[in-house]
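Numbering (my numbering), first residue to last: 19 to 313. Ideal Cβ positions, reconstructed from N, Cα and C, are used throughout, including at glycine. Quick caveat, the model's predicted, so the values are computed rather than measured.
This is how it looks when you write it as structure tokens:
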């Protein structure tokens with residue numbers, strides 16, 4: 019068996035199971051946002067692990083949305099703060115400036131509108147392509163300081179908003195009026211939550227170093243943590259993506275653990291790790307990672 023250091027260095031885009039390489043390695047094109055000790059930037063990698071595109075954020079940014087046409091939208095948290103869409107030539111195609119202190123979460127909706135996660139006050143704001151606010155939904159959190167009030171937001175099929183409240187360590191679903199209709203508040207630094215097809219909710223539990231699937235009744239139906247794959251060095255679970263094959267792609271923010279473990283990985287429902295990204299020469303720590311062209 020090869021030592022773990024060899025795996026992390028040489029199998030950046032190889033399938034892994036425990037601490038041994040898989041026979042049929044998985045390769046992904048990915049995009050990630052780097053934040054922390056490294057530069058705050060957006061990077062795209064080919065399936066061979068080589069950089070194919072890079073963009074420097076204008077100010078603090080940790081969340082992005084890769085669009086089918088190759089464009090990217092992301093929230094920027096400086097002064098001003100808001101959300102913008104850029105093309106491959108770094109040209110700003112669309113921009114919305116918010117009047118709140120900071121926006122760090124955003125999502126392009128199927129109808130072409132954009133959902134913003136505003137902080138101070140904490141709310142979800144839906145904006146159309148002309149920059150007109152078409153819906154404002156109050157979000158509930160006990161976090162007083164605006165910086166940690168909310169991260170990723172998702173609009174559900176029923177029209178409600180599912181929000182991850184990082185500072186409070188809670189995930190809440192609210193209706194159009196902002197009424198809380200479901201919540202799970204037993205996590206730390208919640209970065210993202212995704213509603214699954216079975217009605218359960220997949221939650222990135224931040225510094226609890228785990229991913230959990232929670233039922234509508236608040237019961238943990240599935241969990242993946244440090245004991246399931248020690249070689250990953252789970253540090254801060256920051257982003258989630260459900261692939262069409264049913265696997266999960268997970269962002270592992272290595273804050274304070276730079277140079278150790280995996281930045282991101284793909285795991286099956288059977289808790290088998292089939293891919294990981296661990297190029298520490300290229301990146302120090304990343305917040306959001308997305309597999310591109312998932313089919």
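Check: Distance between residue 79 and residue 92 (C-alpha atoms, nearest Å); Outcome: 7 Å
Check: One or two residues paired with residue 124 in a DSSP bridge; Outcome: 134
Check: Sub-8 Å separation of residue 266 and residue 310 beta-carbons; Outcome: no
Check: Within the stretch 36 to 75, ranges of the beta strand (DSSP E) (whole runs, at least 3 residues); Outcome: 48 to 52, 59 to 63, 69 to 74
Check: Classification of residue 218 by the beta-carbon crowding that lies within 10 angstroms, buried from 16 upward; Outcome: buried
Check: Exposed unless 16 or more other CB atoms sit within 10 angstroms - verdict on residue 207; Outcome: buried
Check: Three or more C-beta pairs below 8 Å linking the stretch 198 to 205 and the stretch 123 to 137; Outcome: no
Check: Whole-angstrom C-beta distance between residue 101 and residue 132, which should lie under 8 Å; Outcome: 6 Å
Check: Beta-bridge partners of residue 77, as assigned by DSSP; Outcome: Partner(s): none; residue 77 has no beta bridge.
Check: Test item: CB-CB of residue 106 and residue 88 under 8 Å; Outcome: yes
Check: Under the three-state DSSP convention, the category residue 83 falls into; Outcome: strand
Check: Extent of the continuous beta strand (DSSP E) run through residue 173; Outcome: 171 to 173
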